[in-house]
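Here the protein sequences come in this chain order: A and B.
Numbering (the working numbering) for the first sequence: 244 to 480.
Numbering (the working numbering) for the second sequence: 162 to 854.
By construction, the Cβ of each residue, glycine as well, lies at the ideal position given by its N, Cα and C atoms.
Treat the numbers as computed from the prediction; the structure is a model and nothing was measured.
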Amino acid sequence: MGKEDLVSNNPLRALGLEKEEGAGSRRVGLVMARAGLGKTAILVQIAMDSMLRDNKVLHVAIGEDLEKTRTWYTDILALMDQEKKVENFQEVVGEIMKNRMIMTFKENSFDTAKLGERMEDLAQQGIFKADCLVIDGFDFTAKDSAAALGGLKIFMETSDLKMIWFSALSHRDDDRVSANGVPAPCHEVDEAFDTVLLISPEDNGMKLKTLKCSDACSVDAGKALILDPATMLIKKA
Amino acid sequence: MSVDLSHVRNIGISAHIDSGKTTLTERILFYTDRIHAIHDVRGKDGVGAKMDSMELERERGITIQSAATYCNWKGNDINIIDTPGHVDFTVEVERALRVLDGAVLILCSVGGVQSQSITVNRQMDRYNVPRISFINKCDRTGANPERVTGQLQEKLGLNAHMMQLPIGLENDLEGVIDLVTMKAIYFDGENGETIREEEIPADLLDKAEEKREELLDAVSMFSEELMEVMLEEQEIDPQLVKDAVRAGTLALDFSPVFIGSAYKNKAVQPLLDAVEYYLPCPTDVENIGLDLDNDEEEFPVTNDAADPLIMLAFKLEDGRYGQLTYVRTYQGTLKKGDSVINVRTGKKVKVGRLVRMHSDEMKDIDSCGAGDIVALFGVDCASGDTFTDGKITCSMSSMYIPEPVISLAVLPKDNKAQINMSKALNRFTKEDPTFKTFVDHETSETIISGMGELHLEVYIERMKREYDAEVEVGAPQVAYRETISQRAEFNYTHKKQTGGSGQFGRVSGYMEPCEDEDYEFIDKIVGGSIPREFISSCDKGFTKSMAKGTLCGSPVTGVRCVINDGAFHAVDSSDVAFQLAAVGAFKEGYAKAKPTIMEPIMKVAVEGPSEFQGSVMGSINQRRGMIIGTTEEGSYTVVEAEVPLSEMFGYSTTLRSLTQGKAEFTMEFASFKAVPKSVSEELVKKYQEEKNK
């Protein structure tokens, strides 16, 4: 399987991620789950899909170290190769890794203004101009999270980002949900997202429910995608 | 020397450069009565610290070769290996870790966990070395041992907990509070040699109790008895806590943290106690040997003095006393005058003198037993050789030795220098497996290669100082490799008829990329199209071709050569004819197999104040570097990148000027990667020009 096949056969095509990447179109996405179900694995696969489509991805890991984040990519790539027998695998890896940069922050030292500054600096120096931003570990329970989210959406416009994807931790004992079914702590800000995915353990498997999606989605909500618990790879149901 | 191995500790002192480990070793030797005066590392008093025995080390204030020393603390024999702090000398650290049972990781209370500490910690993980940490320089402005302990947890992933609290910090550092015994400890006398125990100062009592609770919570996991006592809220016996800490440390699940200031003579003695309490004795760790009579099957060595002797030579030195071989004894007993067998060469040698080393001084001993680290005289061997008494044929597991990545030409200035240089190079290559040397037959130049600029610089300095060999040095050269990208067929006939007996041989087959090995030869000849006696000639011909690729003259790696057909002549075919046919076949196939040039890529970590992050990233980007990512912590940022070695020459100067000297970097070999087309064309052009000269 070649690089192009990896893109066209990716189950994420069901979300129509590629359809909205024309001039000026943007998407803000969210992956939600309880602790330990695989939010980072999903974000990494969304990032990888974007990298395979020649987009530059900045992966921001809050409260996680660089080596661990890097290992996620290495592991997911190795699993993809194992399952799909990628032609010239090392060459493909070398090529797409040029499209990725990782920034890690301690929980207490992250703020969106600082991130914006860093990204602008990288772009101005011609080092890295991100097309897609992945933020893993954003604190949606913080008091100023709605304002920070708003700030990021403005930054998305000014810096011409195509996508921003977040992960958020939900809790079993908090049953608050929005009208779209988006659980706490994101229930009050669900308007900010175009796509919301929820990892839901069901029948000895893990479903990837699409709680909210733009018109580009062709996925039959809640049925079409699953997360293989053994490999953490997204698959068609 | 005590026979009871429970009172033996073989420890390494490992850390970031300038974190004060040589000073700490100096204090340890002072408090254990091995030396009777304290000297500065940088030799203001003209003497220098005891462990930095090489002149160059004393001058630069860094430890290059790990000197071994021995001391006795409260009836415990402690063998200490002082290890280098610069990454270019990593093989020294790795060799030391191989023979050690435990280690003390030294950190600076201001600088904290820096990139070199991360490298050293990774090495300790590789060899499963239990470790305790000592946060040194608590007398310095900005000292913050709690922050450093946090970094040990976050950056190194250690379950690190403070065993002590400082009484005062920076200029006000007076002593430490022991959280196990809940006593304040002060260090009186001119050199802090008198220990005074007092009650904990009232203003620190609450904090001490809080920290003790944290410590007990963490270590109770390793002792059911302690957990029970805590649950029943009984008084806790300090020995119970110590046992739990020891269990956790030996299992590599816990890392106790001690604090102090070696320079100000504060809290070095409690660290020595900790070495005894918490670091393993030789019988606490399992060392594995390879049984050479049984297909290199692994077996645990016994540590028993009555069993057959097994020793590993881990370090060679050529000093004023002749050749000195440092060995670690894993089992058995060696007596002065005994004969031992070098397992690699099969040679039997007599051990005429057996000494215990104390840096560059020594004490003659009559015997050594399992777990000991001693030095032998007059034993010719290479670093990493195993010795036995002949009753057992085994080898200690081999050490991981990285391939050299940089080389340069050295030209002796005169005939005397030529002779001395040969002596020096012969010695260095035996001492250090990452240092290699050879003569380039085309240019007749002597080439030395190693792990980095500083690595080679130090050997050149040593040639001058120790061997009086004045040499001129060429520009550093990167060790490129060539490889192929696709399968290609070959069918080559070597035919020569110039009177007398001719030469004839035809070799046919294919070559293809081979990821697992540098070179593989497969014979698929059926029906005798190449007679059996000439198959090895084909192999030889291919091997010869691998030594020098056609693109830039670098060695070729990652090629599998398969022969499946050929032809011979009853009279004209010979070993030479088939070797030449294979050389021709290789050349033919190589040209079609899309050959590429590979260059060494280094993993570079630059650490400095966040305000310079942009400039640092820019400087890496300019050097064809691929930035992997950044880690921002407080006001410091670490930028990690993969950069071609050829672009890293002189980077320390650039970085210094970019960051006002506030940033530093480490690098280590990561992998070989194909060079970009423009660089490849340049290298090919340069090689062709040199060839046509």
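Check	Outcome
How is the alpha helix (DSSP H) around B:Val309 delimited, first residue to last?	Pro306 to Glu315
How many Å lie between B:Ser116 and B:Tyr848 at the Cα?	This structure cannot settle anything about residue 116 of chain B, because the visible part of chain B is limited to 162 through 854.
Please confirm if B:Gln284 has its CB atom under 9 Å from at least one CB of chain C.	Judged by its chain identifiers, the structure shown contains no chain C, and its protein chains are A and B.
Spatial neighbours of B:Glu749 within its chain, please: CB distance less than 6 Å, with the 5 preceding and 5 following residues excluded, ordered by chain position.	Phe651 and Tyr653
When DSSP labels each residue in this structure, what does B:Phe415 get in the three-state scheme?	coil
In the DSSP assignment, what residue or residues form a beta bridge with A:Ile289?	Paired residues: none, contrary to the question.
In terms of residues, what are the limits of the beta strand (DSSP E) holding B:Asp700?	That residue, B:Asp700, is in no beta strand (DSSP E); its alpha helix (DSSP H) goes Ile696 to Met707.
Is it the case that the Cβ atoms of B:Thr604 and B:Ala570 are separated by a distance below 9 Å?	yes
Jot down the residue ranges of each uninterrupted alpha helix (DSSP H) in the stretch 356 to 424 of chain A, minimum 4 residues, whole runs only, in chain order.	388 to 401
Distance, Cα to Cα, B:Phe589 vs B:Pro770?	38 Å
Leaving out the 5 sequence neighbours to the left and right, which residues in its chain are closer than 8 Å to B:Tyr797 when beta-carbon positions are compared?	Glu768, Gly769, Pro770 and Ser771
Quick one: residues in its chain with C-beta nearer than 8 Å to the C-beta of B:Gln492, no 5 flanking neighbours on either side, listed in chain order?	Val462, Thr463, Asn464, Asp465, Ala466, Asp468, Pro469, Leu470, Ile471 and Ala531
May I ask you to report which of helix, strand or coil DSSP gives B:Arg203?	For B:Arg203, the predicted structure reports a pLDDT of 47, less than 50, and the residue's modelled location is therefore unreliable. The matter cannot be settled from this model.
Compute the Euclidean distance between the alpha carbons of A:Gly306 and A:Asp387, then round it to the nearest angstrom.	18 Å
Could you check if B:Val732 is buried or exposed, using at least 16 other CB atoms within 10 Å of its CB as the buried criterion?	exposed
Run through chain A and tell me which residues come within less than 8 Å of B:Asn782, C-beta to C-beta.	Gln368, Gly369 and Ile370
How close, in whole Å, do the beta carbons of B:Lys511 and B:Gly498 come, if the pair is a contact with beta carbons under 8 Å?	7 Å
Between A:Cys429 and the rest of its own chain, which residues show a CB-CB distance below 7 Å, the 5 nearest in sequence each way excluded?	Leu273, Met275, Phe383 and Ala411
Quick check: what's the CA-CA separation for B:Lys298 versus B:Gln314?	20 Å
To the nearest angstrom, how far is it from the Cα of A:Lys341 to the Cα of A:Met291?	11 Å
Could you confirm whether any beta carbon from chain A is found closer than 9 Å to the beta carbon of B:Lys577?	no
Residues in the same chain with beta-carbon distance under 6 Å from B:Val717, minus the five sequence neighbours each way, listed in chain order, please.	Glu643, Met707 and Gly710
Tell me the DSSP secondary structure of B:Arg864 in three-state form.	The requested residue 864 of chain B is not part of the displayed model; chain B covers only 162 to 854.
Going by DSSP, what residue range makes up the alpha helix (DSSP H) through B:Ser270?	Premise fails: B:Ser270 is in no alpha helix (DSSP H) and is neither H nor E.
What are the partner residues of B:Lys476, as DSSP defines its beta bridges?	B:Tyr487
Between A:Phe348 and the rest of its own chain, which residues show a CB-CB distance below 6 Å, the 5 nearest in sequence each way excluded?	Ile305
Which residues in chain A sit within 9 Å of B:Glu794, going by Cβ to Cβ distance?	Thr347, Phe348, Lys349 and Ser352
Tell me whether B:Tyr620 sits in a helix, a strand or coil according to DSSP, three-state version.	helix
Buried or exposed: B:Pro637, going by 16 or more other Cβ atoms within 10 Å of its Cβ?	buried
Name the chain A residues whose beta carbon is nearer than 8 Å to that of B:Met787?	Met340 and Lys341
For the putative contact between B:Ala138 and B:Arg623, defined by C-beta atoms under 8 Å, what is the C-beta separation to the nearest angstrom?	Absent from the model: residue 138 of chain B. The displayed extent of chain B is 162 to 854, so no value can be given.
The beta strand (DSSP E) spanning B:Ala728 covers which residue range?	Val720 to Ala728
Please compile the residues from chain B whose C-beta is within a distance smaller than 8 Å of the C-beta of A:Met294.	Ordered by position in chain B, no residue passes the 8 Å Cβ test against A:Met294, which lies about 13 Å from the chain.
Are the stretch 417 to 434 of chain B and the stretch 331 to 351 of chain B touching, with three or more C-beta to C-beta distances below 8 Å?	yes
Pick out whichever of B:Ile356, B:Leu413, B:Pro327 and B:Gly350 has its Cα sitting closest to the Cα of B:Phe419.	B:Pro327
Using a C-beta to C-beta distance shorter than 9 Å, which residues of chain B count as neighbours of A:Leu309?	Ile789, Gly790, Thr791, Thr792, Val799 and Glu801
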